[in-house]
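The opening position of the sequence shown corresponds to residue 11 in my numbering, with each subsequent residue numbered one higher. Have a look at the structure below, then the notes.
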Amino acid sequence: MTEEEKRPQEVSQKHRRYYLWEALFIAMVVVIVIGTPFAIYWWNSSVVASYDSDRVINIIARYDVLDPTGRWLVQEGDGWNYGDITAPYEIRVKQGEKVTLRITSFDVLHGFGLEDYGIKSEQIYPGKVTEIIFVANKTGRFLFKCTIECGVGHNDMVGELVVEPSS
Ligand SMILES: [Cu+2]
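Structure follows, in structure tokens:
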């Protein structure tokens, strides 16, 4: 076999190897893109199931630049529905319940302050869940606010904790 005859074969073999890597890479991307939401869903629901609180309430702090409005999206159970801007600004519990708030941010840094219960969170980051656990021992309506100057809609970020009598 002369050198001239060998060359085309080498080239096509190299190409085949290249396509194999490309196919592998595409398969990996597909697995990550499709698998990530499932993994997050599974992780969230397993975490919720493992709390020993009476109530587990998810809250998303969301600052909308276009409105511009700051919002608290209060979602009980295993929801993390970032787009649900009609979610109430209200946390409703019964007296004596042990409450776990799992707060995250949609966008920028926020803070959660519930003065009447002596609660002031650390900084709430997007993509990270900040937990606050307390026992709702006082009945009434208590305001909670954003404690970090997050933008023009910052002052709108006022919600209410409603603690109903247990009897
Ligand atoms: Cu704020």
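Glycine residues also receive a C-beta, built at the ideal position from the N, C-alpha and C atoms.
The residue among ALA71, ASN91, ARG112 with its C-alpha nearest the C-alpha of MET167 is ALA71. Counting along the chain, the unbroken beta strand (DSSP E) around GLN85 starts and ends at 79 to 86. C-alpha of GLY93 to C-alpha of CYS156: approximately 19 angstroms in a straight line. Pairing GLU32 with MET38, the inter-Cα distance amounts to about 10 angstroms.
Not one heavy atom of ligand 1 falls within 7 angstroms of the beta-carbon of ILE36.
Counting along the chain, the unbroken beta strand (DSSP E) around VAL172 starts and ends at 168 to 174. Burial of ASN68 is indicated by the presence of at least 16 other C-beta atoms within 10 angstroms of its C-beta. The closest heavy atom of ligand 1 lies 7 angstroms or more from the beta carbon of ILE95. Remark: the C-beta of HIS25 is outside contact range of ligand 1, defined as less than 7 angstroms to any heavy atom. Shown here, VAL66 sits in a strand according to DSSP, grouped into three states. No Cβ-Cβ contact shorter than 8 angstroms links GLY169 with TRP52.
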